[in-house]
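Shown next, in structure tokens, is the structure this report addresses.
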Amino acid sequence: MNVEELSGRLSALAREHGVPGGQFALHHKGQIRSFVFGDQDAAGTVPVTGDDKFPVGSITKAFTAALAMLLVDEGDLDLDAPVAEVLTELRTPGTRFGAATLRQLLSHSAGLPPGRDSDSLAGATRRGYLADCARMAPIDTFGSSFSYSNVGYTVIGMLAEQAVRMDWREALESFLLDPLGIEPAYIAGTSPRPYVSGHAARTAPARAVPVRQTLPAIEAPAGALALSALDLLAFGRLHTDDAEGVPGLLDADALAGMRTEVPGAEPFGLADGWGLGLSLYRADDGTHWTGHDGTADGTSCHLRVDPAGGTVVALTTNAHTGMALWESLLEELRRLGLDVASYSYSAFRDPREKIPAPPGCLGRYVNGETEYLVGPGGEDGNGDELTLRLDGEPFARITVHEGLEFTLQEFAEGGMVYLGRFLRHPETGGIDQIQVTGRRAQRV
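Under my numbering, the first residue of the sequence shown carries the number 96, and numbering increases by one thereafter.
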């Protein structure tokens, strides 16, 4: 495999997808290679370097999960104890949240909402956040026990803080990042280091516009890290079969649960399976990969690990269109002989026959503060198609396929394609839930 071919291709793909810049790192057959491309800003004034920190969004969750597993290994946390045993604020009579376990939170299997509006959490305190959690009504899990949630990982961070009497950042650095030689930046709260700005992009860097990071400080354990591709590589190598674990702290066996599929956790539209903190993917050649994707405001970052083969792939980008660049990069890697597993690649590669929309699918579906409205017509409300509105705004065109599955084509220029499904109630048989990119919502 001639990895050097990627250097020029990355720059070309970045221009094609409107990504100002990014980093790529690869560990393969015992060798590490890394490349940078483009600039930190659309104006092209500051070239990207290998040390730059990119907001990695939800990849932060994998780090928070590793911290939790370390504390489980030390006996400070219990995977199967109700979280209310540690967080007394969740002992409110009548709440179901407090009965959730760390195992359920790590695998997104507690039926929790995805999260609250960022602006409403700008000054949130731990006490106030947990009080809101205690009032949450988890979604009935009849169709799937998986629903992707920032809330769950925020609470995992609080469990870790309670166990070690440190704040999440201090604990993460002391127990995980420092031993791995990772020096992070943070997009929430104060940061000891600068980080690269994200961008809203279309089809050319000249049209990319810088955007601010909006993650509230209270939800830092779910998405606050800013890292380099080499940082992601160092973390990814922990999850290979020949890894020795976290130096001086945690052996590799204790991390194995992060990439072991949790029965019943069905991340439909997001991955092939889920472990205790890592998503799972199946490649065409039969290999099983693990990893995580992350999108902050105007960034898209990706991590894949082949535990058996020892290969680790990491990409950071500073535009939301970095997701499309990632898919194109995977095609390049396959051309060079490296079949990196990707859920979207396997899900959308083969043409799917379109079928009529099932009766009773139109309506309003809600998960926490997130609202999905399935209605007739295209973006303007006319025509034969179904359309999906997200929080009142036209989002995507719906094409229905067999098995109540559907594909979503974003209305935005160069819009991505996503996979979702309708779910029937096991008793009534009527369509009662929707699952989009791993997040479920209840029909109301």
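For each residue, glycine too, the CB sits at the ideal point set by N, CA and C.
Using the beta-carbon count (16 or more within 10 Å), is residue i buried or exposed?
i, result
"residue 534", "buried"
"residue 150", "buried"
"residue 126", "exposed"
"residue 102", "exposed"
"residue 240", "buried"
"residue 411", "buried"
"residue 104", "buried"
"residue 256", "buried"
"residue 367", "buried"
"residue 489", "buried"
"residue 516", "buried"
"residue 401", "buried"
"residue 587", "This structure cannot speak to residue 587, because the chain is shown only from 96 to 539."
Which residue from the options puts its Cα closest to that of residue i?
i, options, result
"residue 363", "251, 324, 501 and 283", "501"
"residue 155", "507, 491 and 395", "395"
"residue 588", "315, 187 and 353", "The shown model of the chain, from 96 to 539, leaves out residue 588, and the question about it has no answer."
"residue 372", "165, 179 and 491", "165"
"residue 272", "359, 289, 345 and 225", "345"
"residue 204", "216, 245 and 173", "245"
"residue 528", "504, 206 and 513", "206"
"residue 226", "196, 259 and 188", "188"
"residue 387", "331, 423 and 268", "331"
"residue 137", "291, 486 and 171", "291"
"residue 456", "518, 429 and 176", "518"
"residue 379", "481, 429 and 302", "429"
"residue 195", "234, 427 and 459", "234"
Once DSSP output is grouped into helix, strand and coil, what is the label at residue i?
i, result
"residue 405", "coil"
"residue 153", "coil"
"residue 475", "Confidence at residue 475 is low in this model, with a pLDDT of 48, below 50, so its placement is unreliable and no value can be given for it."
"residue 438", "helix"
"residue 493", "strand"
"residue 295", "strand"
"residue 359", "coil"
"residue 228", "helix"
"residue 215", "helix"
"residue 322", "strand"
"residue 541", "Outside the displayed range of the chain (96 to 539) lies residue 541, so it cannot be described from this structure."
"residue 532", "coil"
"residue 158", "helix"
"residue 199", "helix"
"residue 537", "strand"
Taking 7 Å as the cut-off, is the beta-carbon of residue i closer than that to any non-hydrogen atom of the ligand SAM?
i, result
"residue 207", "Looking at this structure, you won't find the ligand SAM or any other ligand, since it has none at all."
Please state if the CB of residue j and the CB of residue i are separated by a distance shorter than 8 Å.
i, j, result
"residue 421", "residue 202", "no"
"residue 113", "residue 143", "no"
"residue 539", "residue 461", "yes"
"residue 312", "residue 153", "no"
"residue 307", "residue 392", "yes"
"residue 452", "residue 495", "yes"
"residue 356", "residue 375", "yes"
"residue 229", "residue 192", "yes"
"residue 294", "residue 305", "yes"
"residue 146", "residue 135", "no"
"residue 161", "residue 350", "yes"
"residue 493", "residue 469", "yes"
"residue 408", "residue 121", "yes"
"residue 504", "residue 498", "no"
"residue 324", "residue 281", "no"
"residue 197", "residue 108", "no"
"residue 436", "residue 354", "no"
Looking at the strands, I want to know which residues DSSP matches up with residue i.
i, result
"residue 134", "142"
"residue 286", "Residue 286 is not bridged to any residue."
"residue 169", "None, per the DSSP bridge assignment."
"residue 469", "458 and 483"
"residue 395", "412"
"residue 388", "397"
"residue 281", "320"
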